[in-house]
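Read left to right, the sequence shown gives residues -23 to -1, 1 to 428 (mature numbering (1 follows the signal peptide of the UniProt record, and there is no 0)). All C-beta atoms, glycine included, are put in the ideal place defined by N, C-alpha and C.
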Amino acid sequence: MKHLLSLASLALCASLIVTPTEAAASLPRSVEGQPVPSLAPMLERVTPAVVDISVSGTQVSKQRIPDIYRYFFGAPQEQVQERPFRGLGSGVIIDADKGYIVTNHHVIDQADKIKVTLQDGRELEARVIGSDQESDIALLQVEEDGLIALPRAEASKLRVGDFVVAVGNPFGLGQTATSGIISALGRSNLNIGQYENFIQTDAAINSGNSGGALVNLNGELVGINTAIVAPNGGNVGIGFAIPIDMVNDLVNQFIEYGEVRRGVLGVSGGELTPDLAEAFGYETKHGAFVNQVFEGSAAEEAGLKAGDIIVSVDGQMIKSFGELRAKIATRGAGSQVKLGVIRDGDQVDFMVTLKQAEETRVQAQVLHPVFEGAVLRNSTDEEDITGVVVEQVAARSPAARIGLKQGDVIIGLNKQATKDLKALRALIDEQPSVMALNVQRGNQRLYLVVR
């Protein structure tokens, strides 16, 4: 309470000191005509939109059996172990009519069952609309009346120093609110995720807060809590949230496509160091230095050149190449983006239409419902076979029931080659009445027939 009251004035805090015997209910709502500061009215609107999430599933691990045991005892090449797991997290209702809930990918990853608990105690089964490991965002859906959604803030208005409140379910204790400020914006190079553009806050975030809400004092969603710096396993006042503009871009793609169709700019580069800026005669201190523009890319078609410094995306300043990468990667293919660029000491704006990134990994239910529970990816140059690799299969899932196993490589469908996910998707989109999957499993080739 001391911390919250200090946000108003120290003089007001002094006037509110009461003896331990006084009941909380007797505290005055105003002192000398001035209202006592409180986050309670805002939280009364926010907390019904924040949910607890509990998941359960089975983790499958493989252990290679030493050759000597296989030779003498006829043991299999690998030993497969299945271990049940349970997990807890948080989520935020963003659309009451359609039952959409945003959370982190790592909260629901590999889950066979997802249960959402509302503030009023209602328990609901949720299904995954889309999930993206690289950006750590997932969209769930529940079917229920009387939901309350959280309004979303305008990302462009976020400032360092703004007061924020984190709401979630830390350690499974139940709904909890903690307060702080936005400590920094555009944090990257943290090795937390593939695409990093985090809001940093000193509002206490702990295990179980993942997927919960970071809100401003208007009760608007500014970010999804996702990670902390915890050298000793506890909160030290450095937490990170995925900003609302990235969340919005990803959610829109989940709703339209069931997956992220990532946009690509087509440049490589790095951070703008003081030495690099001096060498090129630039006075700006922040931005993304472009050292190569790829042939045929969206950047080349828009007119960008090596040596440019990208300093803004759609009017919002960026600090680093990592922030640029994260902002572009969460925009959908075909999106138009205005880039502010420093070239030869002058700032020039370029309108860029992003191209689609090569599809390399998907949650397989977006291809067809029979593949639900599997994660598919393209084979790599290091692998000695070309096709679609089955990276994961959840136990007792539809994908497991049709016979897919972890490590399988889908090399064909209905006698047509599937060299990658794009080819597999194109064949499935033809809606064949029967799908005969040609699968390479170890040294064997077999067909799995799906009707």
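Does the Cβ of Thr250 have 16 or more other Cβ atoms within 10 Å, making it buried, or fewer, making it exposed? By 1-based counting over the sequence shown, the position of residue 250 is 273. With fewer than 16 Cβ atoms within 10 Å of its Cβ, Thr250 is classed as exposed.
Do you know offhand how far Gly196's Cα is from Glu100's? Translated into positions along the sequence shown, residue 196 becomes position 219. Translated into positions along the sequence shown, residue 100 becomes position 123. Computed Cα separation, rounded: 24 Å.
Straight-line gap, Gly299 to Val352 (C-alpha atoms, nearest Å): As a working note, residue 299 is residue 322 in the sequence shown. As a working note, residue 352 is residue 375 in the sequence shown. So the alpha carbons of these two residues sit roughly 27 Å apart.
Buried or exposed for Asn183, going by 16 or more other Cβ atoms inside 10 Å? Position 206 of the sequence shown, counted from the start, is the residue given in the question as residue 183. Asn183 should be labelled buried.
Which whole runs of the alpha helix (DSSP H) in the stretch 261 to 307 are 4 residues long or more, in chain order? Segments of the alpha helix (DSSP H) lying fully in the stretch 261 to 307: 275 to 279, 298 to 306.
Would you mind listing the beta strand (DSSP E) stretches within the stretch 59 to 124 that are 3+ residues and don't spill past its ends, in chain order? Taken in chain order, the whole beta strand (DSSP E) runs of length 3 or more contained in the stretch 59 to 124 are 77 to 80, 88 to 94, 100 to 102, 104 to 109, 114 to 118.
Leaving out five residues before and five after Gly200 in sequence, what residues of the same chain have Cβ atoms less than 7 Å from its Cβ? In the sequence shown, the residue the question calls residue 200 occupies position 223. Excluding five sequence positions before and after Gly200, the CB atoms of its chain that fall closer than 7 Å to its own CB belong to Ile176, Leu191, Ala218, Ile219, Pro220, Ile221, given in chain order.
Classify Arg104: buried if its beta carbon has 16 or more other beta carbons within 10 angstroms, exposed otherwise. Position 127 of the sequence shown, counted from the start, is the residue given in the question as residue 104. Exposed, by the Cβ-count rule.
Below 9 Å between beta carbons: does that hold for Ala306 and Gly240? Counting from 1 along the sequence shown, the entry for residue 306 is found at position 329. Counting from 1 along the sequence shown, the entry for residue 240 is found at position 263. Taking 9 Å as the Cβ cut-off, Ala306 and Gly240 qualify as a contacting pair.
Residue interval of the beta strand (DSSP E) (run including residue 444): A query on residue 444 cannot be resolved here, the shown segment of the chain reaching from -23 to 428 and no further.
From what residue to what residue does the beta strand (DSSP E) around Asn202 run? As a position in the sequence shown, residue 202 is number 225, starting the count at 1. Segment 198 to 205, the beta strand (DSSP E) holding Asn202.
For Leu316 and Thr80, the rounded distance between their alpha carbons: For the purposes of this step, residue 80 is taken as the residue at position 103 of the sequence shown. For the purposes of this step, residue 316 is taken as the residue at position 339 of the sequence shown. Looking at the two C-alpha atoms, the distance is approximately 30 Å.
Cβ contact check for the stretch 398 to 408 and the stretch 368 to 382: 3 or more pairs under 8 Å: Result no; under three Cβ-Cβ pairs closer than 8 Å.
Ser289 versus Ile91, Glu277, Ile319, residue with shortest Cα-Cα distance: The sequence position of residue 289 within the sequence shown is 312, counting from 1. Of Ile91, Glu277, Ile319, the residue nearest in Cα terms is Ile319.
How is the beta strand (DSSP E) around Gln230 delimited, first residue to last? Translated into the one-based positions of the sequence shown, residue 230 becomes position 253. Bounds of any beta strand (DSSP E) do not take in Gln230; it lies within the alpha helix (DSSP H) bounded by 221 to 234.
Phe327: which of Asp291, Gly66, Phe62 sits nearest, CA to CA? In the sequence shown, residue 327 corresponds to position 350, counting from 1. Ranking Asp291, Gly66, Phe62 by Cα distance to Phe327 puts Asp291 first.
On the premise that Gly380 lies in contact with Thr425, defined as a C-beta separation below 8 Å, what is that separation, rounded to the nearest angstrom? By 1-based counting over the sequence shown, the position of residue 425 is 448. By 1-based counting over the sequence shown, the position of residue 380 is 403. The sequence given here has Leu at residue 425, not Thr. Between Leu425 and Gly380 a beta carbon distance of about 5 Å is seen, short of the 8 Å cut, so the two are scored as contacting.
Which same chain residues, not among the five before or five after Val142, have their C-beta less than 6 Å away from its C-beta? Taking the first residue of the sequence shown as position 1, residue 142 is located at position 165. For Val142, where only same-chain residues beyond five positions count, the Cβ hits under 6 Å are Ala154, Ser156, Val192.
Burial state of Leu281, where buried means 16 or more other Cβ atoms lie within 10 Å: The count along the sequence shown starts at 1 and reaches residue 281 at position 304. By the 10 Å Cβ count, Leu281 comes out buried.
Proximity winner among Ile387, Ala180, Val427, relative to Arg354 (alpha-carbon distances): Along the sequence shown, one-based indexing puts residue 354 at 377. Checked all of Ile387, Ala180, Val427; the closest Cα to Arg354 is Ile387.
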